[in-house]
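Let me begin by presenting the structure, written as structure tokens, before commenting on it.
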Amino acid sequence: MAKPSFDEIYMDLAKNLAKRSHCVKAQVGAVLTKDTRIISLGYNGPPSGTHNCDLEWPETGCPRDSKGSCSLALHAEQNAILYAAKNSGTIEGSTLYVTLSPCIACARVIYTTGIRHVFYLNSYAEFKGLPTDEGVDFLMKFGVKVTRFMPNRSDI
-2 MAKPSFDEIY MDLAKNLAKR SHCVKAQVGA VLTKDTRIIS LGYNGPPSGT HNCDLEWPET
58 GCPRDSKGSC SLALHAEQNA ILYAAKNSGT IEGSTLYVTL SPCIACARVI YTTGIRHVFY
118 LNSYAEFKGL PTDEGVDFLM KFGVKVTRFM PNRSDI
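Quick note, the sequence shown lines up with residues -2 to 153 if you use the working numbering.
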């Protein structure tokens, strides 16, 4: 039996972490790694200790901001980065695995923190009906390696 690659293991973990999300609109998971070790984990949702959108607003989700996005949620990659920083993790040169490609705001944070490679499973642009993945474009423009993760046939 073939052993799974670290990329497969980390993306599987990100997919499972997404199931922890309390968001009623989208469930996203993230795993931040360095040198084949996990630095941090995250999933999307409001800051810890505030709300659980699926319990408080099960039909509609949390209130929307002026752009129609969740007004309370942190994105999965933000949560993973913030947790690593809060716990003095070294983010520079790390790799991020995320189930939805980064939005432009997250891309700026990813670039600034020195993450060097991003694997994503699904397209944010496709999910939001946008013409392009702005976050992916931004990261690639500034030298961050971005790879769309393609699961093995047996994972489909």
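Idealized CB from N, CA, C, for every residue including glycine. As the structure is a computational prediction, the values presented were derived from the model and not from experiment.
Less than 8 Å between the C-beta atoms of residue 93 and residue 107, yes or no?
Indexing the sequence shown from 1 puts residue 93 at position 96. Indexing the sequence shown from 1 puts residue 107 at position 110. Taking 8 Å as the Cβ cut-off, residue 93 and residue 107 qualify as a contacting pair.
Measuring CB to CB, does residue 20 end up less than 8 Å from residue 41?
Sequence index remark: in the sequence shown, residue 20 carries index 23 (1-based). Sequence index remark: in the sequence shown, residue 41 carries index 44 (1-based). Against a cut-off of 8 Å, the Cβ pair of residue 41 and residue 20 comes out as a contact.
Output the boundary residues of the alpha helix (DSSP H) element that contains residue 116.
Locating residue 116 in the sequence shown gives position 119, counting from the first residue. Careful: residue 116 lies outside any alpha helix (DSSP H), inside the beta strand (DSSP E) at 114 to 119.
Taking all protein chains shown into account, do 16 or more other C-beta atoms lie within 10 angstroms of the C-beta of residue 82, making it buried, or fewer, making it exposed?
As a first step, residue 82 must be located in the sequence shown, where it is residue number 85. Counting Cβ neighbours within 10 Å, residue 82 comes out exposed, since fewer than 16 surround it.
Taking Cβ positions, are residue 91 and residue 120 nearer each other than 8 Å?
Here residue 91 refers to the residue found at position 94 of the sequence shown. Here residue 120 refers to the residue found at position 123 of the sequence shown. Not closer than 8 Å, so no.
The beta strand (DSSP E) spanning residue 27 covers which residue range?
In the sequence shown, counting from the first residue as 1, residue 27 sits at position 30. Its beta strand (DSSP E) spans residues 26 to 31.
If we count the other Cβ atoms within 10 Å of its Cβ and call it buried at 16 or more, is residue 96 buried or exposed?
By 1-based counting over the sequence shown, the position of residue 96 is 99. With 16 or more Cβ atoms within 10 Å of its Cβ, residue 96 is classed as buried.
Could you round the C-beta distance between residue 14 and residue 44 to whole angstroms and report it? I think they count as a contact, below 8 Å.
For this step, residue 14 is matched to residue 17 along the sequence shown. For this step, residue 44 is matched to residue 47 along the sequence shown. So it is not a contact: roughly 17 Å between Cβ atoms.
Exposed or buried, which one is residue 12 when buried takes at least 16 other CB atoms within 10 Å?
The count along the sequence shown starts at 1 and reaches residue 12 at position 15. Classification of residue 12: buried, given that the 10 Å Cβ count is 16 or more.
Starting from residue 95, trace the alpha helix (DSSP H) both ways and give me its first and last residue.
Counting from 1 along the sequence shown, the entry for residue 95 is found at position 98. That residue, residue 95, is in no alpha helix (DSSP H); its beta strand (DSSP E) goes 92 to 97.
Let's see if you can read the secondary structure: which residues bound the alpha helix (DSSP H) around residue 133?
Position 136 of the sequence shown, counted from the first residue, corresponds to residue 133. Residue 133 -> alpha helix (DSSP H) spans 131 to 138.
Count the other CB atoms within 10 Å of the CB of residue 147; is the residue buried (16 or more) or exposed (fewer)?
Taking the first residue of the sequence shown as 1, we reach residue 147 at position 150. When all chains shown are included, residue 147 counts as exposed.
Assign residue 152 to one of two classes, buried (16 or more other C-beta atoms within 10 Å of its C-beta) or exposed (fewer than that).
Residue numbering aside, residue 152 sits at position 155 when the sequence shown is read from its first letter. Unreliable positioning characterises residue 152 in this predicted model, as indicated by a pLDDT of 49, which lies under 50. A coordinate reading is not provided.
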